[in-house]
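Input: a single structure, listed below in structure tokens.
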Amino acid sequence: MHKIVRNTLRGALLAAVTLGVATLAPAQSPKLRIIAIGAHPDDCDEQFGGAAIKLARAGHRVKFLSVTNGDAGHQTIGGAALAKRRFLEAQESARRLGIAEYQVLDNHDGELLPTLEVRRQIIRAIREWKADIVLAPRPNDYHPDHRYTGVLVQDAAHLVIVPNVVTDTPALENNPIFLYYEDDFQKPAPFRPDVVVPIDDVYGQKVHALDAHVSQFYEWLPWTVHKLDSVPKDDKAREAWLAKGFHEDLTAAARKTLQEEIGNDAAAKIVDAESFELCEYGRRPTLTELRAMFPLN
Ligand SMILES: [Zn+2]
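Here it is as structure tokens:
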């Protein structure tokens, strides 16, 4: 090929590539694969439901994983009957949230331990989902299942990229980002809201997903605090009651992060939000990179 032809071709190709980048880039923001892990088949919904709705709407793939089957969370039923009921509630919640999948592992509720067997289950789930982002509780919590779910995910954080561990499921090439859900425990350190997602625009939809967990929000949890009588009998009335009761004021720290993210005026108008802290294990993006992955308006 003559040099001049080659150069012309190269110029044309470069022009096409440049044009392609300029015209295609805005529509090609990478789609994330996110797995939210909780101890019970309603934990992810409570901690991450609003952000999950917004991420799923933006085209990202969101999966919830419950490490136990929830078979202890009721005052009158238990065992397989309760596990089945809660599985179906979780599936309905997933449908209302618009997420891709809600998996429930068949481990007993109230008896979770950070064993090698469960660690392998977690490693498999993170690998099979090819997760870019993994969410989990911090490993200090009043409930042992929450605490050990935090430990199990921390224990998996490095091993998901180690091919010689859990050899039946290919290791990830890149370590995911690991995030913690918000909690109000102060020891050994208070929660730090690194990214705060405003959810006012989807709060009703989140509560509607929580409303699918009838056994929890209208039966079991009110019973534990001797408030069963205060649950309205009518379906619509009880969902409104749940919407009111589930609201929590933003902490000062979360409000400060929101101000950094969207400015003081916009932050002042936000009523409900979900906050997440970057774990020290796994990939550690800058705060700017992390916040850019989430829908902040
Ligand atoms: Zn729980």
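Residue numbers (the numbering used here): 4 to 300.
For glycine and all other residues, C-beta sits at the position ideal for the given N, C-alpha and C.
In this text the structure is predicted, and so the values were computed from the model without any measurement.
Given residue i, which residues of its chain have a CB within under 6 Å of its CB, disregarding the five upstream and five downstream residues?
i: I40; result: L68, A139, V156
i: A97; result: Y105
i: E242; result: D214
i: H146; result: none
i: H211; result: R99
i: A256; result: P196
i: M296; result: none
i: A160; result: F181, Y284, G285
i: D109; result: N72
i: D45; result: H216, Q219
i: V121; result: L155
i: W244; result: P235
i: P29; result: Only weak support exists for where P29 lies, its pLDDT of 45 falling under 50; the value from the coordinates is given anyway. Once the five neighbours on either side are set aside, P29 has no close Cβ partner at all.
i: K209; result: G52, G53
Tell me, which residues are paired with residue i by DSSP?
i: A39; result: F67, L138
i: R286; result: I180
i: E104; result: K66
i: L281; result: L182
i: P201; result: A276
Can you find the residues in the same chain that come closer than 8 Å, C-beta to C-beta, to residue i, ignoring five residues on each side of it along the sequence?
i: A2; result: The structure shown does not extend to residue 2, since the chain is modelled only from 4 through 300, so no value can be given for it.
i: Q144; result: Correcting the residue type first, residue 144 is Asp in the shown sequence and not Gln. Around D144: R150, G153, D186, F188.
i: N300; result: P201, I265, A269
i: G82; result: D74
i: E176; result: I164
i: L58; result: L35, I37, V65, F297, P298
i: T26; result: With a pLDDT of 40 at T26, under the threshold of 50, the modelled position of this residue cannot be trusted, and the question is left open.
i: N178; result: A160, H161, V163, I164, G285, R286
Got a sec? Which residues, its chain only, sit under 7 Å from residue i by beta carbon, not counting five neighbours each side?
i: R127; result: V169, T172
i: G23; result: In this prediction, G23 has a pLDDT of 39, which is less than 50 and means its spatial position is unreliable; what the coordinates show is noted afterwards. Closer than 7 Å at the Cβ level, and outside the excluded window around G23, lies no residue.
i: R294; result: V198, E264
i: R36; result: R64, W132, K133, A134, D135
i: V165; result: A174
i: Y221; result: V234, R241
i: P142; result: R150, G153, V154, Q157
i: R331; result: Residue 331 cannot be examined here, being either before or after the span of the chain that is shown, 4 to 300.
i: H304; result: The structure shown has nothing for residue 304, since the chain only spans 4 to 300.
For the region 224-249, list the alpha helix (DSSP H) runs that are entirely contained and at least 4 residues long, ordered along the chain.
224-227, 238-249
Exercise answer, beta-carbon shell around ligand 1 heavy atoms below 5 Å
A42, H43, D46
Would the region 279-297 and the region 195-209 be scored as touching if the rule is three or more Cβ pairs under 8 Å?
yes
Could you give the uninterrupted runs of the beta strand (DSSP E) lying entirely in the region 107-163, keeping only those of 3 residues or more?
136-139
Inter-stretch contact (C-beta, 8 Å, three-pair minimum) for the region 113-122 and the region 62-82
yes
For the pair the region 217-230 and the region 75-89, tell me if three or more CB-CB distances fall below 8 Å.
Short answer: they touch.
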